[in-house]
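Taking it in order: structure first as structure tokens, then the write-up.
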Amino acid sequence: MRGVAVAVLAGALVAGSTTLAGAAPRPGPERITLRSTGEQIERGSGGPRLSADGRYTAFVTSDADVVPGDTNGNSDVFVRDRRTGAVERVNVASDGTQAEGGRGSHGVRISADGRYVAFMSDATNLVHWPEPPSGGVEDVYVHDRRTGRTERVSAGVGGGTALTFDTFDMSADGRFVAFGARRMESGQNNQTLAYVVDRRTGAVERVSDRIPGDWYVPYVALSADGSRLAYVQRHPRGGRHELWHADLRTGEQKLVNQVGGEPTDGSPGYPTLSADGRYVAYSSFAEEVVPEAPDHTWETYLYDSRTGGTRWITHEGRGGVGAGLLSPDGRLIAYSVETEAGDEAVAENVHVQDLRTGRTKLVTRTLAGGPQTEGSAVPSAFARGSGLLAVYSYAPDLVPGDTNGVGDGFLFRLR
Numbered sequence: 004m005r006g007v008a009v010a011v012l013a014g015a016l017v018a019g020s021t022t023l024a025g026a027a028p029r030p031g032p033e034r035i036t037l038r039s040t041g042e043q044i045e046r047g048s049g050g051p052r053l054s055a056d057g058r059y060t061a062f063v064t065s066d067a068d069v070v071p072g073d074t075n076g077n078s079d080v081f082v083r084d085r086r087t088g089a090v091e092r093v094n095v096a097s098d099g100t101q102a103e104g105g106r107g108s109h110g111v112r113i114s115a116d117g118r119y120v121a122f123m124s125d126a127t128n129l130v131h132w133p134e135p136p137s138g139g140v141e142d143v144y145v146h147d148r149r150t151g152r153t154e155r156v157s158a159g160v161g162g163g164t165a166l167t168f169d170t171f172d173m174s175a176d177g178r179f180v181a182f183g184a185r186r187m188e189s190g191q192n193n194q195t196l197a198y199v200v201d202r203r204t205g206a207v208e209r210v211s212d213r214i215p216g217d218w219y220v221p222y223v224a225l226s227a228d229g230s231r232l233a234y235v236q237r238h239p240r241g242g243r244h245e246l247w248h249a250d251l252r253t254g255e256q257k258l259v260n261q262v263g264g265e266p267t268d269g270s271p272g273y274p275t276l277s278a279d280g281r282y283v284a285y286s287s288f289a290e291e292v293v294p295e296a297p298d299h300t301w302e303t304y305l306y307d308s309r310t311g312g313t314r315w316i317t318h319e320g321r322g323g324v325g326a327g328l329l330s331p332d333g334r335l336i337a338y339s340v341e342t343e344a345g346d347e348a349v350a351e352n353v354h355v356q357d358l359r360t361g362r363t364k365l366v367t368r369t370l371a372g373g374p375q376t377e378g379s380a381v382p383s384a385f386a387r388g389s390g391l392l393a394v395y396s397y398a399p400d401l402v403p404g405d406t407n408g409v410g411d412g413f414l415f416r417l418r
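In the working numbering, the protein residues as written are 4 to 418.
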């Protein structure tokens, strides 16, 4: 058992089968990262993430005109109600004060019911600090939209900041938060380790081992039910990269990127999980994950933790698939793949593939009816089971009136 329970924080808070649609026409995409006035955002937005029913969209932007009173000059985190059009800034202190100090807030996760929003920030005024840290130290926060309370979940076991790395995730109910941190425990030195915090009990569990050397954790992904964690460990000098799948209930851990029990070469990254944590989709540059995959290309693979099997994800018989995102039931995978656009230009389009039937559909279809021919696009979240897909795209012709020249969040109906 690799996971180790290390502490309980004082004052803890409570915190059907999918198929691709047929050929019947569906409503066009909807731009979902907008100002409270309904106008387009002019400085680009990150995310977007969705509540389970698709009503609430969480995103990040440095646009100062999304809501009134935004004067901090930094990127902020917002939640937009698609039903009413209302937009709320959520990276705020419990008294509603906007985030100040540092470089801004980034990264966003939203709970299934839209109540809890997790984000990272190096602001110094979101919670009470006896001695506020300096030097751009980031922490993971969760904001409760119902009560207005903002809590810091990456507090070190002995107090103070945990020095979190640029990765975190949250379970669908908002109870569990996973992240990588360098000073969560005493004597941790420069190791970044993977932790999971139970916001209801305050328990903190270290999931990754304290291996000698400067290992760090650049990626964590938590299953929707909070029972399983996928994380990557890297050694910056040794060239070793490991992707682990941890069952947080039993403590069992399995090495995902392995052949004959040894880690593959190359760098596994960007893991995503099915809702129950059985399946892991990830990207890798390794040559030997499966024999038929091409050499020296960034590919996407699907790992089944029950059988131990690994599958290479292809698009129309070829590789080069990236940014794999699993549907909650693990039957669909959304991904980005390059599409030729003219003589030289290459655009990335999002497709969805049914892993049972192999059927593939283009998602990022423009107003003209074809694939986007400008910029890149990546899938970011499923909702309504697998009926809705949020995509971040730079294309200017997915919806009418897109003239901002920056990336936006869009919602596509798959069925």
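Beta carbons are placed, not taken as given, at the ideal position from N, Cα and C, and that holds for glycine.
* To do: Take every Cβ of the segment 391-401, pair it with every Cβ of the segment 68-75, and state whether three or more of those distances are shorter than 8 Å.
  => no
* Output the distance between the C-alpha atoms of Gly25 and Arg418, rounded to the nearest integer angstrom. => Model confidence at Gly25 stands at a pLDDT of 43, short of 50, so the residue's coordinates are unreliable; what they give is reported in the following sentence. Near 8 Å, if we compare the C-alpha coordinates of Arg418 and Gly25.
* Collapsed DSSP secondary structure at Pro71 in the structure displayed -> coil
* Quick one: what does DSSP say Tyr397 is sitting in, helix, strand or coil? -> coil
* **For Gly25, the three-state DSSP class (helix, strand or coil)** => Bear in mind that a pLDDT of 43 at Gly25, under 50, signals an unreliable position, so the number given afterwards is only what the model happens to contain. Looking at Gly25 - three-state DSSP - the assignment turns out to be coil, as it is neither helix nor strand.
* Among Arg203, Tyr198, Leu225 and Ala224, the one whose alpha carbon lies nearest that of Asp212 -> Answer by Cα proximity: Tyr198.
* Start-to-end residues for the beta strand (DSSP E) that takes in Thr170 -> Thr167 to Met173
* **8 Å Cβ cutoff met for Asp172 and Gln194** => no
* For Leu258, does the count of other Cβ atoms within 10 angstroms reach 16, so buried, or fall short, so exposed? -> exposed
* Taking Arg243 as the reference, give the member of Leu335, Ala350, Pro266 and Ala158 with the closest Cα. => Pro266
* Within 10 angstroms of its Cβ, does Ala89 collect 16 or more other Cβ (buried), or is it exposed? -> exposed
* **Status (buried if at least 16 other CB within 10 Å, exposed otherwise) for Asp411** => Buried, since its Cβ has 16 or more Cβ neighbours within 10 Å.
* Would you tell me roughly how many angstroms separate the C-alpha atoms of Leu365 and Val353, rounded to the nearest one? => 6 Å
* Burial state of Ala371 (16 or more Cβ within 10 Å) -> exposed
* Excluding the five sequence neighbours on either side, which residues of its own chain have a C-beta within less than 8 Å of the C-beta of Ala27, listed in chain order? -> At Ala27, the pLDDT of 42 sits below 50, so the modelled position is not reliable; the number obtained from the coordinates is stated separately. Around Ala27: no qualifying Cβ.
* Asked: Can you give the Cα-Cα distance for Ala278 and Val394, rounded to whole angstroms?
  -> 19 Å
* With distances taken between CB atoms, is the gap from Tyr338 to Val324 smaller than 8 Å? -> yes
* 3-residue-minimum beta strand (DSSP E) runs that sit fully inside the segment 316-374, ordered along the chain -> 325-329, 335-343, 349-357 and 363-365
* Should Gly50 be labelled buried (16 or more other beta-carbon atoms within 10 Å of its own) or exposed? -> buried
* **Beta-bridge partners of Tyr282, as assigned by DSSP** => BP columns for Tyr282 point to Asp307.
* **Run of the beta strand (DSSP E) containing Asp201, from where it starts to where it stops** => Leu196 to Asp201
* Asked: Leaving out the 5 sequence neighbours to the left and right, which residues in its chain are closer than 6 Å to Gly104 when beta-carbon positions are compared?
  -> Ala126 and Thr127
* Identify which residue in Leu225, Gly263 and Ser78 has its Cα closest to the Cα of Ile44. => Ser78
* **Cβ pair Arg202, Val145 closer than 8 Å** => yes
* **Continuous beta strand (DSSP E) stretch holding Gly57: start and end** => Careful: Gly57 lies outside any beta strand (DSSP E) and carries neither H nor E.
* Asked: Which residue comes first and which comes last in the beta strand (DSSP E) that contains Gln256?
  -> Gln256 to Leu258
* Which residues bound the beta strand (DSSP E) around Asp247? -> Looking at the sequence itself, residue 247 is Trp, so the reference to Asp does not match. Looking at the DSSP string, the run of the beta strand (DSSP E) that includes Trp247 is His244 to Asp250.
* Using alpha carbons as the reference points, say which of Ser124, Val120 and Val207 lies closest to Arg152. => Val120
* To do: Taking Gly361 as the reference, give the member of Thr317, Asp332, Thr342 and Thr367 with the closest Cα.
  => Thr317
* Asked: Going straight from the alpha carbon of Gly333 to that of His109, what length do you get?
  -> 27 Å
* Asked: So, helix, strand or coil for Met123, using DSSP?
  -> Three-state DSSP puts Met123 in a strand.
* Per DSSP, which residues does Phe413 bridge with? Please list them. => Arg34 and Val394
* Extent of the continuous beta strand (DSSP E) run through Glu208 -> Ala206 to Arg209
* To do: Express the C-alpha separation of Trp247 and Ala175 in angstroms, rounding to a whole number.
  => 21 Å
* Gly47 vs Val409 beta-carbon contact at 8 Å -> yes
* **Which residues DSSP lists as bridging Leu232, in chain order** => For Leu232, which the question treats as bridged, DSSP gives the partners Leu225 and Ala249.
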